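Quick note, in my numbering, the sequence shown goes up one by one and the last residue is 644. Just below is one structure, and these are the notes that go with it.
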Amino acid sequence: MGGIKDDVGHVPLLEAEEEEEGWRPLRLRGSYLGIFGSIVFLVSMAALIIYQGHDYYDEAKIENKGNNNNNYNKVPRGVAEGVSAKSNSFLSETTPSYNWTNAMLSWQRTAFHFQPERNWMNDPNGPLFHKGWYHLFYQYNPFSAVWGNITWGHAVSRDLIHWLYLPEAIVRDMWFDINGAWSGSATLLPGGEIVMLYTGYTDQQVQVQNLAYPADASDPLLLNWVKYAKNPVMVPPPGIGPHDFRDPTTAWFGPDNKWTLTLGSMVNDSGLSLVYKTTDFINYELNDHFLHIVPGTGMWECVDFYPVSINGSVGLDTSANGPGVKHVLKASLDDTKLDYYAIGTYFIENDTWIPDDPDLDVGIGLRLDYGKYYASKTFYDQNKQRRVLWGWINESDSEVADITKGWASLQTIPRTVLYDKKTGTNLLQWPVEEIESLRLSSHELKELLVKPGTVVPLHIGPATQLDIFVEFEIELLESEGIVNNVEGCGVGAVERSAFGPFGILAIANDELSELTPIYFRLSNYGNGTSTTTTTTTSTSFCVDETRSSKAPDVSKLVFGSKVSVLSDEKLSLRVLVDHSIIESFAQGGRTVISSRVYPTEAIYGAARLFLFNNATDINIKASLKIWQLNSAFIRPFPFHNTQ
């Protein structure tokens, strides 16, 4: 079915063959932009925040200047860049650069995590499933291994693991995105059409929202994309600064027969999510109040908003609501470069959201990942009725090293997301089941005893591509008079206490001069022996990078948080090891930590795996199942053979 061309020759989205009740399909007709600066909005703004000295942005200053790809403003590194810039504040001008060899740098490249063939990558964008293919778009610099020249890279996969590179999807070639085609999201419409909204950074260095759509929605690969001729479709409303308006979410359909979306912003130091409504994805109405606002959290980026079933069994379409449904609000905090989430109630009648627990609100409570992780985004996978989470993992080495090796950053293994029925406060994140297709040989080890102050080698062969399951049982050596003087992660795995740390040593060499401990530490312990009962606040889950590399120009931190361990649960851990990235999941994914490690010696065949127990007053027994993992052989799409 052919589309009707608009007055500038672009082919608009095709109308649905049959209009579903209550849904008006997108028609790209020429019309004015939505009205953004409503009086009600300003009243709401004033009521929530005392506004002082904030720059207003005049919508009249946005004018179509046409395509001007030759004379655009270079964006300096700074706050205006959004989530994209790499900043390693741990490196001073006097930090010596390590003499990395080609062999060391080659080893750092992962085998089954998604990353481009070369150059810089950051945020995951617009993930979706379409005609048998999973699509991942991502922020990409086609020219260098540092941030800049941001376009949308594109890749497809049949199974979320084996990816094929495609040509860039959205490039920065118009006045409304000439300084960057920044992050955005996809919305799948009932007629099979796809709407992509993304942030453009204009020739005037203003953040605006733009519309793009496939030139041919029947193309399974979605190779060609068309930008709406009258972009931008949203500009910063009065009271919102030109650099504080970005990253639109997937839209959801409501009982008012309108599509609703939210995007990140701030006023003074309060992070917030603006709400827009539309019937055609061209004209937008700004709500007179925010979806949510949290003082002191700074600019919210890459906002995500989606429903979860309190039965915790399946994922839900973004438009799902009603009994048995909670809503997750996530924001990436620009000030800290951390991803926070909270679970709460969405009031659809006025498009507001309230957290179940104010002490666990966005930006002050739970994080999706307590390690190197940012700018995450979910999508509803209608193919398998699940919600899938992507997250960007930046490098922790120097920019000089990135330029030398020719690439920077990767994405996590996609994770399923479910509501934790047991705690009622957490999400459970778990690697998608398709990762199991990479499993090769396995080793099963039961009830290995690890005494206080000892390390036990695990003779499993190569230890750079692993899927590890561990369960721990604890035996108390003394029943009385134990004093535990270390809380949380401590200064790392070297700091001993009565009930920890204990766990595994990944990417370690035989001499243990390079190693990455992944461990639990208990601050108190239940009655009796051979019990795993702990209180909700008594167990910490941590990763210690401080001895992961002998190189000085690498960030090496101790990451961690509390994890709930319930009375009917054993301490459990899953770890994915893939060269320079380690993803660790405690208690079924209640707490997750992603780490980047850059060893100089524990590489290739010298990488080992150990159990360790650095506690003083407990024995541990560990039962493990370990798989070697194959490469995903990520490569360019074989256009010569599309079977």
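The beta-carbon is built from N, C-alpha and C at its ideal position, and this holds for glycine as well. As the structure is a prediction and not an experimental result, all values here were calculated from the model.
Own chain, CB closer than 6 Å to residue i, minus 5 neighbours either side, in chain order
i, result
"Ala409", "Trp121, Ala146, Glu396 and Asp403"
"Leu161", "Tyr135, Pro415, Val433 and Glu435"
"Thr592", "Phe542, Ser562 and Val564"
"Phe634", "none"
"Trp628", "Arg440, Ser443 and Asp468"
"Tyr307", "Thr319, Val329 and Thr379"
"Leu428", "Val418"
"Ala616", "Pro453, Phe500, Gly501 and Phe503"
"Asn100", "none"
Option in the options with minimal Cα separation from residue i
i, options, result
"Arg247", "Arg591, Leu630, Val315 and Leu334", "Leu334"
"Glu515", "Ser541, Lys338, Thr188 and Leu610", "Leu610"
"Gly366", "Thr353, Thr298 and Leu275", "Thr298"
"Leu630", "Val576, Tyr599 and Ile594", "Val576"
"Lys447", "Ala623, Leu411, Thr111 and Phe254", "Ala623"
"Ser666", "Met300, Phe638 and Asn225", "What is shown of the chain runs 2 to 644, which leaves residue 666 out entirely."
"Gly201", "Asp358, Val234 and Tyr375", "Val234"
"Gly392", "Thr405, Val418 and Gly425", "Val418"
"Asp336", "Pro296, Met105, Asn232 and Pro125", "Pro296"
"Trp253", "Asn232, Met267, Arg159 and Val276", "Val276"
"Asn180", "Arg388, Gln206, Leu212 and Pro238", "Gln206"
"Gly425", "Ser399, Leu449 and Leu361", "Leu361"
"Phe177", "Pro243, Glu488 and Leu523", "Pro243"
"Leu523", "Glu437, Asp421, Asn485 and Arg548", "Asn485"
Outcome for residue i when other beta-carbon atoms lying within 10 angstroms are tallied against a minimum of 16
i, result
"Gln430", "buried"
"Tyr605", "exposed"
"Asp220", "exposed"
"Asp511", "exposed"
"Val641", "Position check: residue 641 holds His in this sequence, whereas Val was assumed. It is exposed - the Cβ of His641 has fewer than 16 other Cβ atoms within 10 Å."
"Gln109", "buried"
"His460", "exposed"
"Arg636", "exposed"
"Ser442", "exposed"
"Arg440", "exposed"
"Asn351", "exposed"
"Gln386", "exposed"
"Asn528", "Confidence at Asn528 is low in this model, with a pLDDT of 47, below 50, so the placement of that residue is unreliable and no value is reported for it."
"Leu625", "buried"
"Asn150", "buried"
"Asn614", "buried"
"Lys228", "buried"
"Glu546", "buried"
"Thr96", "exposed"
"Gly265", "buried"
"Lys132", "exposed"
"Phe521", "buried"
"Ala587", "buried"
"Ala104", "exposed"
"Thr152", "buried"
"Gln383", "exposed"
"Ser107", "exposed"
"Ile51", "Bear in mind that the predicted position of Ile51 carries a pLDDT of just 30, short of 50, making it too unreliable to give a figure here."
"Gly364", "buried"
Sub-8 Å separation of residue i and residue j beta-carbons
i, j, result
"Val451", "Phe500", "no"
"Ile171", "Ala182", "yes"
"Val372", "Ser632", "Note on identity: in this sequence residue 372 is Gly, with Val being the wrong assignment. No, Cβ-Cβ distance for Gly372 and Ser632 is not below 8 Å."
"Leu513", "Val559", "no"
"Lys327", "Asp340", "no"
"Ile519", "Ser585", "yes"
"Val401", "Ile508", "no"
"Leu224", "Thr263", "no"
"Asp357", "Ile344", "yes"
"Pro249", "Gly185", "yes"
"Lys571", "Phe473", "yes"
"Val544", "Ile594", "yes"
"Ala376", "Glu302", "yes"
"Asp618", "Glu479", "yes"
"Asn322", "Tyr347", "yes"
"Val304", "Ser274", "yes"
Residue-level contact to chain D via CB, residue i, 8 Å cutoff
i, result
"Leu411", "This model lacks chain D altogether, as it is built from one protein chain only."
Cβ neighbours of residue i in the same chain (closer than 7 Å, five flanking residues each side left out)
i, result
"Asp579", "Thr111, Ala112, Phe113, His114 and Gln466"
"Tyr325", "It should be noted that the sequence gives Gly, not Tyr, for residue 325. Correct list, in chain order: Ser310, Ile311 and Asn312."
Residues near residue i in its chain [Cβ-Cβ closer than 8 Å; skip 5 each side]
i, result
"Pro639", "Leu165"
"Ser550", "Glu515, Lys557, Val598, Tyr599, Pro600 and Thr601"
"Leu129", "Tyr135, His136, Ala187, Leu189, Ile195 and Phe380"
"Trp260", "Thr188, Ala252, Trp253, Phe254, Lys278, Thr279, Thr280 and Phe282"
Can we say the region 270-283 touches the region 313-329, given the rule of at least three CB pairs closer than 8 Å?
-> no
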